[in-house]
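Residue numbers (this note's numbering), protein chains in the order written: chain P, 221 to 443; chain E, 10 to 242; chain X, 349 to 605. Below you'll find the structure, written out as structure tokens, and then a few comments.
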Amino acid sequence: MGNWERLVWNQRDVLLAGLGVTIEVCAIAFAAAILGGLLLCLTRLYVAPLRPVAIFLIEFFRDTPIFVQLMWVAYVWPEVFGFPNTFFNAGWLALGLQSSGYLAETFRAGIEAVPPGQRDAAFSAGMSQTQTFSRIVMPQVVLSSAPSIVNQFTVIVKSSTLISVITVPDLMSQSQKLVNVWYEPIEILTATAALYIAFVFLISLAGKYLADRLRHRYGLAAS
Amino acid sequence: MSDALKQSLDLSMFWEYRAILLQGLIFNALVFLCAASVALSVGLGAALMRINRFWPMRWIGTLHVEVFRNAPDYIMLVWVHFVLPLLIGMLIRRRVEFHPFVSAVIALGFVYSGYFAEAFRAGIQAIPQGNLDAGRAFGMSERLILWRITLPQVVRRMLPEALNLFISMFKATTIVSLIAVPDLMYNVSMVIAQEMRPLPLYTGAALTYFLIIFLLSVGVRHFSERWRRKILA
Amino acid sequence: MSDVPSIRIADIHKSFGPLEVLRGVSFDVHRGAVVSVIGASGSGKSTLLRCVNHLEPPDSGEIYIDGEPLGSRVDARGQRKPRSLAEINAMRRELGVVFQQFNLWPHMTVLGNVIEAPIRVRKLPRKEAIAYGEECLRRVKLIDKAGEYPARLSGGQQQRAAIARALAMRPKAMLFDEATSSLDPELKDEVLGVMRELAADGTTMIVVTHEMSFAREVSDRVIFLHEGRIEEEGPPADIFGAPKSERLRQFLSKYRK
């Protein structure tokens, strides 16, 4: 089918531009998710008066379906909170909030999995709470949850296809534009699907490789 | 700002339309049930192919899993609804169209079959070899061993994980509104188009889903705790 | 006593990759006889037993059950053809196997384990299978645990359940693969006791074991395996009382207290 060349290859700039936006949104969302997840997790574990709030938020962000969350953040939040002001921001914010719920739980499991003996050893050596946490506990948490964190990134990428609905010009939205222009969905949509699948596949491969290396080096069970 | 906040928390509008919204929710449930059946059966098939003796079968099974596990739900939904009918139409030289419900079931069913296949495979390979040896020693055929020894144990072990996958799947059904399946979100958008008041409706939808999924998750968590203790006694 | 041995093991060779585990093992087991196989770890004892029912098909040599070759058959034209898995399965019914790791199926009760193969493989009606299954459980003194799941039983009880499970198929012969090696010392006796009773009842048995007292007191014949070959064989009195080969003497010296 010469159609492939005409419809896909010749339009690669359009598609790649979309892919660029997708990567941008996902990267920002990922960073937000890690920060948010960390914040929620630490609040839940160590800030007693705010515990119920943290737990509620974690559950809320995790349990609400991403599409519903996206529409809610994109259309309700600007009216109520004044933010997000653009759909691009709504996109990464919604994706980030959803994943922060999952990561908060991942971090919590990681923290609780660090053997108490580690803390005992650190305190006995005279280290403070903060030092123990940042030098002993958190590094282990990061290492043991790395595979889950990478996995969450693939979730973000897969969910990002929905931001096309709120008119963010990502890969999905660009390919839909092309279909509307050319009225020939087969090659364009198949190529788009293949692109997403390949992208996510590569990320998960990298995650597996990372998990193997970590297991090898540190003997930590990957979660 | 507080005016908007008040508006969005004023769920009387949501309540007013509860009948039609409930209908939508039922559609979500229907899509979920059908897609779950597809996901389970196709997933089991793919898992069995992955551990087959012949390498082409293993290869196909692995391909299936990797393609569907890594595919975003939405693009699969769009592809099944718009591209697949055209491909089939080309094959049988007739115009083919999928009802959106059918597309939704196929798309979600196949995407989640990838996840279920992995869960099944891990469960199957975790069965101790000795169990199978005993079966063979008694002259049981491989098929008998699979259905009487392996799969019952796999189901027991994988039940918590399967339940979590089901919850994910139910959450995923929210996207079917995008191909005009009249689910909750679709009806919400209809009402918004009519009433021009998105705030209470989107908020209401978020709260509704949150409550449902939250209750389900808590239930599954408790159940899984007790189940794991019972199974791994 | 029939002429044809219940089990004939004929020149079995088996290698795993470059490692030759069995280098030509042959012996007969007649009906009602108890043959013990002893030897050091790695001598090929377990592999030999697994070859007898084709859990591991031998590389060469043949197993004959009541005169019928297990791995191959002779067709109408007199040609030798390998047996299909279905045929091998059919012949496996006649051999009861008790494993070192018990291998009870954890998702079925004890009785469930015992009646599974009779119902599914021998196609017995459920009532009949249950009736005979309970009889077997009585024989191993485990009838009161019939409704329990294996996880709730001690090691000795699990192994006795496994013996009942094998007996329920009414096999021509019983194969024991180090049946007591996984058990704590206090629990070994209850299983060995059952095995002694089976022997006394005239069951044809091949017993791979480390329990020298059992081998000496219960067997009709003892076979000493060394590095995949039969180093020495004979009645227990000879093997334990007057060992001829140096290796056998060394092996036995480890068990003398």
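Every residue, glycine too, gets a C-beta built ideally from N, C-alpha and C.
In chain order, what residues of the same chain lie with their CB nearer than 6 angstroms to the CB of R130(E), ignoring the 5 residues before and after it? A56, R59
DSSP three-state call for M178(E): helix, strand or coil? helix
Does the separation of the CB atoms of I347(X) and L396(X) fall below 8 angstroms? The structure shown does not extend to residue 347(X), since chain X is modelled only from 349 to 605, so the question has no answer here.
Exposure of K602(X), with buried meaning 16 or more beta-carbon neighbours within 10 Å: exposed
If you measure between the beta carbons of S593(X) and E579(X), is that distance less than 8 angstroms? yes
A237(P) - DSSP class collapsed to helix/strand/coil: helix
CB contact check: Q506(X) to chain E, cutoff 8 angstroms: no
Quick check on P430(X): does DSSP put it in helix, strand or coil? strand
Would you report the Cα separation of T374(P) and S380(P), rounded to the nearest angstrom? 10 angstroms
Rounded to a whole number of angstroms, what is the C-alpha to C-alpha distance between A442(P) and V190(E)? In this prediction, A442(P) scores a pLDDT of 44, lower than 50, which makes its location untrustworthy; no coordinate-derived value is stated.
Hey, would you say P498(X) sits closer than 8 angstroms to L452(X), going by beta carbons? yes
Does the count of Cβ pairs from the stretch 65-82 of chain E and the stretch 40-57 of chain E closer than 8 angstroms reach three? yes
Can you tell me which of the three DSSP states V403(P) falls into? A small correction: the amino acid at residue 403(P) is Tyr; Val does not occupy that position in the sequence shown. Reduced to three states, the DSSP call for Y403(P) is coil.
At a CB-CB cut-off below 7 angstroms, which residues of chain P make contact with Y211(E)? M291, W292, Y295, V296
Relative to the C-alpha of I571(X), which candidate in V383(X), M543(X), E565(X) has its C-alpha closest? V383(X)
Using a Cβ-Cβ cut-off of 8 angstroms, state whether W88(E) counts as contacting chain P. yes
Spatial distance of A548(X) from E151(E) (CA atoms): 35 angstroms
Any Cβ of chain X within less than 8 angstroms of the Cβ of M149(E)? yes
Hey, does A253(P) have any beta-carbon neighbour from chain E nearer than 8 angstroms? no
Assign P430(X) to buried or exposed, taking buried as 16 or more other Cβ atoms, counted over all protein chains shown, within 10 Å of its Cβ. exposed
For the candidate residues L398(P), W297(P), A237(P), R282(P), whose alpha-carbon lies nearest to that of T212(E)? W297(P)
Where D142(E) meets chain P, residues with beta-carbon distance less than 7 angstroms: Simply none; closest approach about 28 angstroms.
Of all Cβ atoms in chain P, is any one closer than 8 angstroms to the Cβ of S226(E)? yes
Using the C-alpha atoms, what's the distance from Q318(P) back to H231(E)? 23 angstroms
Helix or strand or just coil, what does DSSP make of R508(X)? helix
When you compare each of V241(P), S354(P), T352(P) to W312(P) by their alpha carbons, which one comes out closest? V241(P)
I need the DSSP call for K362(X), collapsed to helix, strand or coil. strand
For G148(E), the three-state DSSP class (helix, strand or coil): coil
Taking the Cβ atom as the reference point for each residue, do S194(P) and T412(P) lie within a distance shorter than 8 angstroms? Residue 194(P) lies beyond the range of chain P shown here (221 to 443); nothing can be said about it.
Would you list the residues sitting across from S50(E) in a DSSP beta bridge? Note: S50(E) sits in no beta bridge, so no partner.
So who's on the other strand from D82(E), going by DSSP bridges? DSSP, once it has assigned bridges, lists no residue as partnering D82(E).
Tell me whether E404(X) sits in a helix, a strand or coil according to DSSP, three-state version. coil
Could you check which residue in G316(P), F421(P), I417(P), V361(P) has the C-alpha nearest to that of L255(P)? G316(P)
What first and last residue would you give for the alpha helix (DSSP H) that runs through S344(P)? 336-344
Who pairs with Y603(X) in a beta bridge, going by DSSP? None; Y603(X) has no bridge partner.
So, using beta-carbon positions, are E442(X) and I413(X) closer together than 8 angstroms? yes
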